[in-house]
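Counting with full-length UniProt numbering, you get residues 1 to 483 for the letters of the sequence shown.
Reviewing the structure listed below.
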Amino acid sequence: MAVFTKSSLIYYIILIVILLVGVYLYAQQALYFEQEELSRFDQGAKGYVSDEVWYVDAARNLLRKVFGLTPRLERPRATLVYSSNEALQKALNIAPGYGIKVFSNRFSKINAIYVEANSIELLEYFARETNATDIVYGWILGDAENINNYLNVESHPPTAKYLIALVMYLFGDRPFLWRIPSIAMGFLTILFSFLVTHEITKSYELALIVSALVAVDPLTKIMSSIALLDIFVAAMTLIAIYIALRGHLKEAVVFMGFASTFKFTALLAFIPLLFLYIRDIVRKYSSKFSFIFFESIGYLMLAILSFIFFQLLISIPIIIRLGLGEWLKQSIFIAISWHLSVKCTGPTCPIASTPWEWFFGINSFPIYVDPKQGSTIVAQGLVPAYVICFVLMFFTIPYRKIDNQSRTAWYLIIGLFLGYTLLWILGSRTQYSFYAVQLTPFIYIYLVIQIYEFLNRENIIIALRSWKEILETLWNAVLAIFK
Numbered sequence: 001m002a003v004f005t006k007s008s009l010i011y012y013i014i015l016i017v018i019l020l021v022g023v024y025l026y027a028q029q030a031l032y033f034e035q036e037e038l039s040r041f042d043q044g045a046k047g048y049v050s051d052e053v054w055y056v057d058a059a060r061n062l063l064r065k066v067f068g069l070t071p072r073l074e075r076p077r078a079t080l081v082y083s084s085n086e087a088l089q090k091a092l093n094i095a096p097g098y099g100i101k102v103f104s105n106r107f108s109k110i111n112a113i114y115v116e117a118n119s120i121e122l123l124e125y126f127a128r129e130t131n132a133t134d135i136v137y138g139w140i141l142g143d144a145e146n147i148n149n150y151l152n153v154e155s156h157p158p159t160a161k162y163l164i165a166l167v168m169y170l171f172g173d174r175p176f177l178w179r180i181p182s183i184a185m186g187f188l189t190i191l192f193s194f195l196v197t198h199e200i201t202k203s204y205e206l207a208l209i210v211s212a213l214v215a216v217d218p219l220t221k222i223m224s225s226i227a228l229l230d231i232f233v234a235a236m237t238l239i240a241i242y243i244a245l246r247g248h249l250k251e252a253v254v255f256m257g258f259a260s261t262f263k264f265t266a267l268l269a270f271i272p273l274l275f276l277y278i279r280d281i282v283r284k285y286s287s288k289f290s291f292i293f294f295e296s297i298g299y300l301m302l303a304i305l306s307f308i309f310f311q312l313l314i315s316i317p318i319i320i321r322l323g324l325g326e327w328l329k330q331s332i333f334i335a336i337s338w339h340l341s342v343k344c345t346g347p348t349c350p351i352a353s354t355p356w357e358w359f360f361g362i363n364s365f366p367i368y369v370d371p372k373q374g375s376t377i378v379a380q381g382l383v384p385a386y387v388i389c390f391v392l393m394f395f396t397i398p399y400r401k402i403d404n405q406s407r408t409a410w411y412l413i414i415g416l417f418l419g420y421t422l423l424w425i426l427g428s429r430t431q432y433s434f435y436a437v438q439l440t441p442f443i444y445i446y447l448v449i450q451i452y453e454f455l456n457r458e459n460i461i462i463a464l465r466s467w468k469e470i471l472e473t474l475w476n477a478v479l480a481i482f483k
């Protein structure tokens, strides 16, 4: 880790400024989404941006159904759910007589109304009198079938939703507050981008450049301002890599097991971690294939055990509610199958993209349609930087025979890219561009270090000569066929 000295004080001050600017940008974006949705509440807007509707509602349901708690309420507000449209219409008709204010009945996929009363007792009395089947305190539910019972366990682990639920319980249930954990993860992403870069290069200047680029990257900004899971994965992946670069390779893969409790895609960090582990084996012990192979298998087993341990540990409250068998079925087997499957096809489905398209801004996922400006905010990074990174990743493959700083950075980005590509090959053909935020910090880490190395023209010449050697070898092999 960077050592604090008087001479490095200016660098830490600059880092703090970058962190504050990043948090400000993310908070401003989160507030903008909240204000925009509130301005259209009477038109049916409900405050949720993109897939927040699944994760936030699941967090609220975990809070009340698993932990037996309710969000902190400024006023007694709740969504009342009914078994039929007839019961719903009856409740709407008699609500004024009970002193119940109806804020919204704009639901198409669930029989529900969003109401406010002078007291919780009055609200519950009205719910009983109208035979409501469920009372969901807090912000208005999203409009989806059976959303009041949805826990999201069949797709993703619960840790991020626990954090969202904790914020609801401590501070309240409104869109900006849901996004505080994401803003915090954005903060950690900037911080650990700095630390990882400094650990590789020992250069404060390069580390600050990387952290600044990560902070203002459009994809980092948008994902740090909404309550989706991928910014959690980005931050946790960086922490795991930092632990590994500090020389604690086994501890890093154990931490990766914990990171997988946010989303299974954190497990893709195993590939760059394995690259670092193999390098460590070759440097310290042996370059024999058999030794490397069995050590790698042991490393994989440690990763699997860590994954199982943390999935069980974090999910204990859910296991108590669902039972171990049902939890295993939904949270492990169905979830793994979900990650390896085509999620949605057809004209009404969100646009999917391949991992290589993320670098070129092709088929970017629409996060939010801005009705005021008539534009769509898409999940897309700074395309020119991503394109250059993609080209350099493959252009420098022969150059990787040289042990230098860029090789370490290359392990990280190419490893994650290969992970998502492998996932695509195995069947996950509906990946979305916002997944790329896990790659974003490593794109800039590699890009900045590689460009800095290439400022020395001799390194470019070495890379070109390496390609020349490969092409000459291939050409001689082809000619040998005809001799």
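Cβ coordinates follow ideal geometry from the N, Cα and C atoms, glycine included.
Remember, predicted model here, so these are calculated numbers, not experimental data.
Cβ-Cβ distance between residue i and residue j below 9 Å
i           : j    : result
I200        : L273 : no
L416        : T237 : yes
N149        : D134 : yes
S182        : T261 : no
I147        : K202 : no
L195        : V136 : no
A184        : L62  : no
K221        : Y32  : no
I397        : L447 : no
A45         : G138 : no
Q438        : D230 : yes
I377        : I367 : yes
A132        : A87  : yes
I443        : A385 : yes
F360        : P350 : no
residue 485 : L213 : Because the chain here runs from 1 to 483, residue 485 falls outside it and cannot be looked at.
H156        : F264 : yes
F270        : G374 : no
Cross-strand partners of residue i (DSSP beta bridge)
i    : result
F293 : F293 is not bridged to any residue.
E116 : R77 and K101
S353 : Q431
V369 : T376
Between the CA atoms of residue j and residue i - distance to the nearest angstrom
i    : j    : result
I226 : V53  : 11 Å
T430 : T348 : 13 Å
L19  : V216 : 10 Å
Y55  : R179 : 11 Å
Q35  : P175 : 9 Å
F258 : Q311 : 8 Å
E472 : S290 : 31 Å
T130 : N118 : 17 Å
Y114 : G142 : 11 Å
W424 : L340 : 8 Å
S286 : S466 : 26 Å
I140 : S224 : 23 Å
K372 : S193 : 35 Å
S406 : L392 : 11 Å
S7   : I320 : 54 Å
L15  : Q380 : 25 Å
V233 : A95  : 44 Å
I445 : L9   : 22 Å
P355 : L177 : 31 Å
Y48  : E37  : 8 Å
Y452 : T197 : 12 Å
P317 : L163 : 14 Å
A127 : P76  : 13 Å
F103 : A352 : 35 Å
L267 : A91  : 48 Å
P441 : F294 : 31 Å
A144 : S84  : 15 Å
F171 : Q28  : 19 Å
A477 : S211 : 46 Å
Beta strand (DSSP E) segment containing residue i, residue limits
i    : result
S375 : S375 to A379
V387 : First-last for V387: V383 to F395, but that is the alpha helix (DSSP H), not the beta strand (DSSP E).
Span of the alpha helix (DSSP H), counted from its first residue to its last, around residue i
i    : result
I200 : I180 to T201
V448 : T440 to F454
P317 : I316 to L322
V136 : Segment D134 to Y137 is the beta strand (DSSP E) holding V136; no alpha helix (DSSP H) there.
L426 : Segment: none, L426 is in no alpha helix (DSSP H) and carries neither H nor E.
T473 : R457 to F482
I336 : A335 to H339
CB contact below 9 Å: residue i versus chain C
i   : result
G97 : The displayed structure is made up of one protein chain only, and chain C is not part of it.
query = Residue ranges of each alpha helix (DSSP H) run of no fewer than 4 residues wholly in the segment 21–84, ordered along the chain?
reply = 52–61
key: Whole alpha helix (DSSP H) elements within the UniProt domain "Glycosyltransferase RgtA/B/C/D-like" (155–288), 4-residue minimum   = 159–170, 175–178, 180–201, 204–216, 218–223, 230–245, 249–259 and 270–284
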